[in-house]
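Only one structure is covered here, and it is reproduced in the block below.
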Amino acid sequence: LVMDNIGVYYQNARGLRTKPDIFFEGVTTSDFNVICITKTWLTQAISSNEYFTDEYCVYRCDRDSTDSRATLGDGCSRRCI
Numbered sequence: 001l002v003m004d005n006i007g008v009y010y011q012n013a014r015g016l017r018t019k020p021d022i023f024f025e026g027v028t029t030s031d032f033n034v035i036c037i038t039k040t041w042l043t044q045a046i047s048s049n050e051y052f053t054d055e056y057c058v059y060r061c062d063r064d065s066t067d068s069r070a071t072l073g074d075g076c077s078r079r080c081i
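Okay, so the sequence shown: first residue is 1 according to UniProt numbering, each after it adds one.
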């Protein structure tokens, strides 16, 4: 796959758990090739399918609640074509 232009979007979400519908709609209507989201506050119990379509590879690094005293915060997600 050769591309002349790559569209990249970055956002510090400060929590995606409270806005899955809004985020999913934005993702499905965007033309970005790569979306980087930090501070997702997602956990392994939350499916990537709630936020991204199946046509993209999603790479996540969720906070492991067993290794941290914090209950919210951190985590990141990248979506790539």
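Heads up, the beta-carbon is just placed ideally off N, CA and C, and yes, glycines get one too.
The C-beta distance from Gly7 to Asn33 rounds to 5 Å, short enough to meet the 8 Å contact threshold. In the three-state scheme derived from DSSP, where H, G and I count as helix and E and B as strand, Thr38 is classed as strand. Inter-residue distance for Phe52 and Ile46 is about 12 Å (C-alpha atoms, whole angstroms).
For a cut-off of 8 Å, the C-beta gap from Ala13 to Thr40 is around 6 Å, short enough to register as a contact. Residue burial annotation: Ile37 is buried, with at least 16 other C-beta atoms found within 10 angstroms of its C-beta.
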